[in-house]
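A.B. asks: Handing you a structure now.
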Amino acid sequence: MKILVCITHVPDTTSRIQFTDGNTRFDNSGVQFIIGPYDDYALARAVELKEETGGSITVLNVGEAETEPTLRKALAIGADEAIRVNAHPLDAFFVASQIAQIARDASYDLILMGRESIDYNGGMVHGMVGELLDIPSISPVMKLEIEGNLGKMSREIEGGKEQIEVELPFIAGCQEPIAEWKIPNMRGIMSARSKPLKVVDPVSEKGMTKVKIYALPPAKGDVKLIDKDHVEELVQLLKNEAKIL
Amino acid sequence: MSILVYIEQDQGNVKNSSLEAVSYASALSAIMQGEEVIAVGLGNIKENEWKKVGQAGATKLYHVSDARLDAGIIQAHAATLAKVFDKVEANTLILSKSSLGDAVAARLSIKLQAGLVSNVVSLPEVNDGFKVKRSIFTGKAFAETQIETERKILAIKKNTIEIKTDGPEAAVETLTIDIEENNFAAKIKGTEKAEGDVLLPEADIIVSGGRGLKGPENWGMIEDLAQSLHAACGCSKPVSDMGWRPHHEHVGQTGIKVSPTLYIAIGISGAIQHLAGVNSSKYIVVINKDPEAPFFKSADYGIVGDAFEVVPKLTEAIKAIK
Ligand SMILES: Cc1cc2nc3c(=O)[nH]c(=O)nc-3n(C[C@H](O)[C@H](O)[C@H](O)COP(=O)(O)OP(=O)(O)OC[C@H]3O[C@@H](n4cnc5c(N)ncnc54)[C@H](O)[C@@H]3O)c2cc1C
Ligand SMILES: Nc1ncnc2c1ncn2[C@@H]1O[C@H](COP(=O)(O)O)[C@@H](O)[C@H]1O
Chain A
4 MKILVCITHV PDTTSRIQFT DGNTRFDNSG VQFIIGPYDD YALARAVELK EETGGSITVL
64 NVGEAETEPT LRKALAIGAD EAIRVNAHPL DAFFVASQIA QIARDASYDL ILMGRESIDY
124 NGGMVHGMVG ELLDIPSISP VMKLEIEGNL GKMSREIEGG KEQIEVELPF IAGCQEPIAE
184 WKIPNMRGIM SARSKPLKVV DPVSEKGMTK VKIYALPPAK GDVKLIDKDH VEELVQLLKN
244 EAKIL
Chain B
6 MSILVYIEQD QGNVKNSSLE AVSYASALSA IMQGEEVIAV GLGNIKENEW KKVGQAGATK
66 LYHVSDARLD AGIIQAHAAT LAKVFDKVEA NTLILSKSSL GDAVAARLSI KLQAGLVSNV
126 VSLPEVNDGF KVKRSIFTGK AFAETQIETE RKILAIKKNT IEIKTDGPEA AVETLTIDIE
186 ENNFAAKIKG TEKAEGDVLL PEADIIVSGG RGLKGPENWG MIEDLAQSLH AACGCSKPVS
246 DMGWRPHHEH VGQTGIKVSP TLYIAIGISG AIQHLAGVNS SKYIVVINKD PEAPFFKSAD
306 YGIVGDAFEV VPKLTEAIKA IK
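One line per chain: the protein sequences are A and B, in this order.
Residues 4 to 248, numbered by our numbering, are exactly what the first sequence covers, in order.
Residues 6 to 327, numbered by our numbering, are exactly what the second sequence covers, in order.
Written as C-alpha cells, this is what we have:
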C-alpha cells in the first residue's frame, strides 16, 4: 500500500504566540517547531499500517526550507521518503491544490492527514483535497483499519462516534486514539539522513483568502477567589454578576 | 442574491449551533443589502422544529427530506448543498463549525469556488472588501481574514452570536434534489451516542474534571454538579487516556475545543494544552486544592480547596437557588 501523510510544521503547543511587523506576521523568534500533533497521529498510524501490510510512506509538507527538519523527523519516525512543495502556504485552498497535484501524479492508495493544523485550525485541507481528487475524505477519524480494499473507520461525531466503511483510495483526517505518537529512535534518526527529501515547485494557484492583520485576545483580569467554606458566594456571583444561573 | 444557511439536525431536532448560524446570517443580511436568509435542512427534521429556524431569522425554509440524507454522509451533504446553493442563487453560505459542518464546508469551497473561513468569531466588515475575524492558534490569537472570491463560506464558532427568537413565521417548502449515487460511497455502519445527555460541543455550561479527581469512581459528584446546572461533562486528556471517561469528553488542544458561557474546571492543573481548548469560554471557574495551579490565572472565579469537599457543597448551593 502506498500511503501519503501530509504534515504541518507548527509551533510547539506550549509556545507563546506573538506577532511582528505591525501584527501582520507570526513572530517565530524563540519558537520551537514540531510536527502538528494530529499529523503525528496520522504518521504513527501510517507506520503501523506499513508494518502490517507492507508498502511505503511518503510524507509531504507545503512550506519553505525551514520545514525540512520537521520532514526529517518524520523520516526518522518511519516514513520512506519526503516531499516538500517549496512555497509559503497562502491558505487552505492553496495548500490543498499543491497536495492534490502531488497525489494526482503518484496515485496513493491512502492519504492520511491530521484532523486540523494547530496554527490555523481550519480542518479544511483534507476535505478540499478530497473534492479536488473526487475521492471520499473522512474526518475526524479515531480508528482506522484496512482490510483488503476496504477502510474501516470510527469517526467522532458530537457526543459519540460512528462506524464508516469506504473503499480505497480515500483521505482520513486523524486524531487520537488512532495510534500512539512515535518517538524516533537512534537508528531511525541515522537512517533519516540518507532517505530522499525531494523539493518540488508549486503549481501556480492563488489563495482564496488572505490574512490582513493578527490580534491577541485581551488579557484576562484577576481571578476572584471565593472561600471554600462559603461556596454560596460563588453561586451568587454566577447569578448576579455573570448572570448565568 | 441570498444567504444560505446549512441546518444540522440531531435525531430530528435542529441543533442549537445551527440556530446560531441562522441568527448570524440574519445579522449579516442586515449589514449587507438585506439579502434573503434561506435555511436548508437535509434528511430527517421534525416538522415542529422548523419554527425555531424561522424565529432565528430565516425568511425561507427548504427541507430536502431524502431519507438517504438522515445520516451525515459528508459527500452527499456537500453535493446536495451545492445544488441548493445554485438553485436559490446564493452568494454566501453560513454554517456552524461541527464535525460534519467542517467537512462539508471544505468540499463546498472547491465545488463552489468559494473562499472559506472557519472558526469565525464576529460579523464581517464589508465596507472595504469582505473581512472577518477568526480564531487561530487554538484560541490563542485572532486573524482578520479577507475573502477574495465572489462566493463565500463562513463556518461560525459557537457562542459568536446570541440566538434570535423574534423572527417572523416562515413556511417550509420541500425541495427534491437529485443526488448522484457515487456521493454515497462512504457507508455509515453504526452510531454510538450518549443519548439524552447534553452534548459537549453544544453545551452552554460544562463541568470538567481532571486527574485531581483520582479515579473514575469519583465522577458521581461531577455528574451531580453537571446535572444541577443542566451542563455537559468534560475532562482533561490524561483522564480520557486512562479510560476514566470516554474520549469524546476530552477537552483541549488535541481534544474538543469548547466555547461555553461557563466552564467549571475541577482538579485540572491548567496546562497550556488544556487551556487552548477552553480559553474562549465566557466565564471560567476553577476549583483546585493547589493555590499555585496555573489554571487560576485564566479563571474568573476560583475556589482553593479539596474538590471532594467543595463540589458537593456547590451542588447543594446551586440546587438551593433553583
Ligand atoms: C501535544 C500535547 C497535546 C496535549 N493536549 C491536551 C489536551 O487536549 N487536553 C488536555 O487536557 N491536556 C492535553 N495535554 C496534556 C497536558 O499537558 C497536561 O498534562 C494535562 O492537561 C494535565 O491534566 P490534569 O490537569 O487533569 O492533570 P494534572 O496536571 O495532574 O493536574 C491535576 C490537578 O488536580 C489538582 N488536585 C489534586 N487533588 C485535588 C483535590 N482533591 N481537589 C482539587 N484539586 C486537586 C492538583 O493540584 C492539580 O492541579 C497535551 C500535551 C501535549 C504534549
Ligand atoms: N502546509 C501544509 N503541508 C502539508 N500538509 C498540510 C499543510 N497544511 C495542512 N496540511 C494537512 O491538512 C490537515 C488539516 O489542516 P488545516 O485544514 O489547516 O486544519 C493537517 O493536519 C495536515 O495533515
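Note that the Cβ used here is the ideal one computed from N, Cα and C, for glycine as well.
1. Give me the Cα-Cα distance between Val10(B) and Leu180(B), rounded to the nearest whole angstrom.
2. Tell me which residues of the segment 224-240 of chain A have at least one Cβ-Cβ distance to chain B shorter than 7 Å, keeping chain order.
3. When DSSP builds the beta bridges, which residues end up paired with Gln166(A)?
4. What does Met131(A) reach in chain B if we use C-beta pairs closer than 9 Å?
5. In angstroms, rounded to a whole number, what distance separates the CA positions of Leu100(B) and Glu155(B)?
6. Helix, strand or coil for Arg1(A)? Go by DSSP, reduced to three states.
7. Under the criterion of a Cβ to heavy atom distance below 6 Å, does Pro14(A) qualify as lining ligand 1?
8. Use the C-beta contact count for Ile211(B): other C-beta atoms within 10 angstroms, 16 or more gives buried, fewer gives exposed.
9. When the cut-off is 7 Å and only beta carbons count, does Leu9(B) lie next to chain A?
10. Thinking Val214(A) and Glu153(B) are a contact (beta carbons under 8 Å), I'd like their distance in whole angstroms, please.
11. Between Phe90(B) and chain D, is there a C-beta pair that is closer than 7 Å?
12. What residue does the alpha helix (DSSP H) around Leu234(B) start on, and which one ends it?
13. Using the beta-carbon of each residue, which ones in chain A are nearer than 8 Å to Thr85(B)?
14. To be precise: take each residue of the segment 101-116 of chain A, compare its Cβ to all Cβ atoms of chain B, and keep it if any distance is under 7 Å. Which residues remain?
15. Determine the direct distance from the alpha carbon of Gly215(B) to that of Ser23(B), and round the result to whole angstroms.
16. Examine ligand 2 and report whether any of its heavy atoms sits within less than 6 Å of the Cβ of Ala95(A).
17. Could you tell me if the beta carbon of Pro205(A) falls within a distance shorter than 6 Å of some heavy atom in ligand 2?
18. Identify the continuous alpha helix (DSSP H) that holds Phe2(B) and give its terminal residues.
19. Along chain A, which residues have their Cβ under 8 Å away from the Cβ of Gly307(B)?
20. Does chain A have any CB closer than 7 Å to the CB of Phe300(B)?
21. Using only alpha-carbon positions, find the residue among Trp224(B), Ala237(B), Met6(B), Ala146(B) that is nearest to Val357(B).
22. CB Glu244(A) to CB Ala322(B), shorter than 7 Å?
23. Quick check on Ser101(B): does DSSP put it in helix, strand or coil?
24. Is Asp42(A) near ligand 2, in the sense that its beta carbon is under 6 Å from a heavy atom of that ligand?
25. Ser303(B) and Ser285(B) - do their beta-carbons sit closer together than 7 Å?
26. Bridge partners of Asp329(B), per DSSP?
27. Are the C-beta of Ser303(B) and some C-beta of chain A separated by less than 7 Å?
28. I need the DSSP call for Pro206(B), collapsed to helix, strand or coil.
29. What is the DSSP secondary structure of His91(A), reduced to helix, strand or coil?
30. So, are the CB atoms of Ile247(A) and Ile308(B) less than 7 Å apart?
31. Cβ closer than 7 Å: which chain A residues qualify as neighbours of Glu197(B)?
32. Check whether the Cβ atoms of Pro139(A) and Ala76(B) sit closer than 7 Å, and answer yes or no.
33. In the segment 191-214 of chain A, which residues sit with their C-beta less than 9 Å from some C-beta in chain B, listed in chain order?
34. Should Lys56(B) and Val19(B) be called a contact, given that it needs their Cβ atoms to be closer than 7 Å?
35. Using only the alpha-carbon positions, how far apart do Ile60(A) and Asp42(A) sit?
36. Just list the residues that DSSP pairs Pro14(A) with in beta bridges.
C.D. replies: According to the structure shown:
1. 15 Å
2. Val226, Lys227, Leu228, Ile229, Lys231, Val234, Glu235, Leu237, Val238, Leu240
3. Ser157(A), Gly195(B)
4. Ala111, Arg112, Ser114, Ile115, Leu121
5. 18 Å
6. In the structure as shown, chain A begins at 4 and stops at 248. Residue 1(A) is therefore absent and cannot be evaluated.
7. no
8. buried
9. no
10. Actually they do not touch by this definition, with Cβ atoms about 12 Å apart.
11. Included in the structure are the protein chains A and B, with no chain D among them.
12. 225-234
13. Within 8 Å Cβ-Cβ: nothing; Thr85(B) doesn't reach chain A, min ~14 Å.
14. none
15. 30 Å
16. yes
17. no
18. Nothing about residue 2(B) can be read from this structure; chain B reaches only from 6 to 327.
19. Val226, Lys227, Leu228, Ile229
20. no
21. Residue 357(B) falls outside the range modelled here, since chain B spans only 6 to 327, and no answer is possible.
22. no
23. strand
24. yes
25. no
26. A question about residue 329(B) goes unanswered here, because the residues of chain B that appear run from 6 up to 327.
27. yes
28. helix
29. coil
30. no
31. Gly163, Lys164
32. no
33. Lys209, Gly210, Met211, Thr212, Lys213, Val214
34. no
35. 13 Å
36. Phe36(A)
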